[in-house]
DNA sequence: TTAAATTAAATTGTGTACAATATATAAATA
DNA sequence: TATTTATATATTGTACACAATTTAATTTAA
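Protein chains in written order, with UniProt numbering: chain A, 1 to 155; chain B, 1 to 155.
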């Protein structure tokens, strides 16, 4: 009995984590054709979304919003800068910080990207309510896992 | 009115996809300390799980199980081979195929890895039922997104 | 049976992710 | 104030992930 229950847990847990991992990659693939049209990757698109909302922020703030560190963001931001979409400037108040802001081209991209989410909704073929419920559960799970990670790293 | 509704959809969709993406990476981080102990990455661990279930399979079958292609699997499998955990052999019946199987060391690893899922369950701090419900919803979403991808690529 | 089409892996090139480390600046404190 | 500590970003190295192409083997069809 005990053995079977344990085995069930093992499979359940492995499969849930795998399903989330696979789902994440499949969703990125679903974005791909639309992102190709505007010339950015999914990670770069997420950075742009943060900037469209906040206009300006530091690398650290971007990292907190997207759960990414400077090892990922620095080269990614250099590519966005090379593409003419953002500016990277050292803060004059605190020269450790790098301020990221949008160029006019970066702002223009917002209009071109506006159609993407609705196209994605069609792709999943789920109602707004279903997606909303999923989001609630998912944010809860993300919160739990993230806090488990941060409390573990503090040890 | 119409504008507000559209905007809500946009945010909802962006946030759901982002949350799944972030959640996937946070879960991988939660696995990390346990995977470090047995010396494999999360992707390599997934390959080992498939092999522990099936004993032997081709690269293509692994790819179908894990939603990965040979571009990802070939170097990954070479690393598992270099670590002495698997064998890679051309099929004699069909020399296009490469058969992947476990070494005794690869089988031994199963025992060391047995504790991982229960440790992960503790990490999320959710009941078996909650995780089970999430898994059902998630498999549904994965199925929808995957079929959207495969039907799109057939065009 | 030969030629064309298909299939299975491998290869190449780009772009993340992330741990670990380095560097430079700022804040705290002795 | 000089020194330590903390903070913000960059760098380095490893390992995916995947599109696109290549190579070799098998099927299909002419």
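For glycine and all other residues, C-beta sits at the position ideal for the given N, C-alpha and C.
- Nearest to residue 27 of chain A by C-alpha distance, out of B/54, B/52, B/59, B/67, is B/67.
- Here the C-alpha atom of residue 21 of chain B lies approximately 10 angstroms from the C-alpha atom of residue 22 of chain A.
- Put simply, the CB of residue 88 of chain A is far from chain B, with every gap to its CB atoms at 8 angstroms or more.
- Three or more beta-carbon pairs separated by less than 8 angstroms are not found between the segment 68-84 of chain A and the segment 133-149 of chain A, which leaves the two stretches without contact.
- At a cut-off of 8 angstroms between C-beta atoms, residue 124 of chain A counts as an interface residue with respect to chain B.
- If only uninterrupted alpha helix (DSSP H) runs of at least 4 residues are considered, those enclosed by the UniProt domain "HTH marR-type" (13-147) of chain B are 42-54, 59-66, 70-82, 104-113, 116-124.
- Taking a C-beta distance under 8 angstroms as the contact criterion, residue 99 of chain B and residue 85 of chain B do not qualify as a contact pair.
- Listed along chain B, the residues sitting closer than 8 angstroms to residue 26 of chain A by beta-carbon distance are 67, 142, 145, 146, 149.
- Close to residue 23 of chain B, with beta-carbon spacing below 7 angstroms, are these residues of chain A in chain order: 20, 138, 141, 142, 145.
- Counting the other CB atoms within 10 Å of its CB gives residue 150 of chain A a total below 16, which places it among the exposed residues.
- Taking a Cβ-Cβ threshold of 7 angstroms, none of the residues of chain B is close to residue 111 of chain A; the smallest such distance is about 13 angstroms.
- Short of 7 angstroms from the beta carbon of residue 17 of chain A, and not among the five residues preceding or following it, lies no beta carbon of its own chain.
- Here the alpha carbon of residue 107 of chain B sits roughly 51 angstroms from the alpha carbon of residue 54 of chain A.
- For residue 120 of chain B and residue 33 of chain A, the gap between their C-alpha atoms comes out near 35 angstroms.
- If you ignore the 5 residues before and after residue 38 of chain A, its C-beta comes within less than 7 angstroms of the C-beta of 109, 112, 113, all in its own chain and listed in chain order.
- At a cut-off of 8 angstroms between C-beta atoms, residue 57 of chain B does not count as an interface residue with respect to chain A.
- For residue 117 of chain A, a Cβ of chain B is located within less than 8 angstroms of the residue's own Cβ.
- Against chain A, a Cβ distance below 7 angstroms from residue 29 of chain B picks out 149.
- A straight-line Cα-Cα distance of about 17 angstroms links residue 88 of chain A and residue 45 of chain A.
- One thing to note: residue 62 of chain B has its Cβ within 8 angstroms of the Cβ of residue 50 of chain B.
- At least 8 angstroms separates the CB of residue 35 of chain A from every CB of chain B.
- Interface with chain B (8 angstroms Cβ-Cβ cutoff): residue 49 of chain A is included.
- Contact annotation, residue 97 of chain B with residue 72 of chain B: C-beta distance approximately 18 angstroms; criterion of less than 8 angstroms not satisfied.
- Around the beta carbon of residue 74 of chain B, fewer than 16 other beta carbons lie within 10 angstroms, which makes this residue exposed.
- With a threshold of 8 angstroms between beta carbons, residue 76 of chain A makes no contact with chain B.
- Of the residues A/83, A/42, A/90, the one whose Cα lies closest to the Cα of residue 60 of chain A is A/90.
- Under a 10 Å Cβ-count criterion, residue 136 of chain B is classified as exposed, with fewer than 16 other Cβ atoms of the shown protein chains found around its own Cβ.
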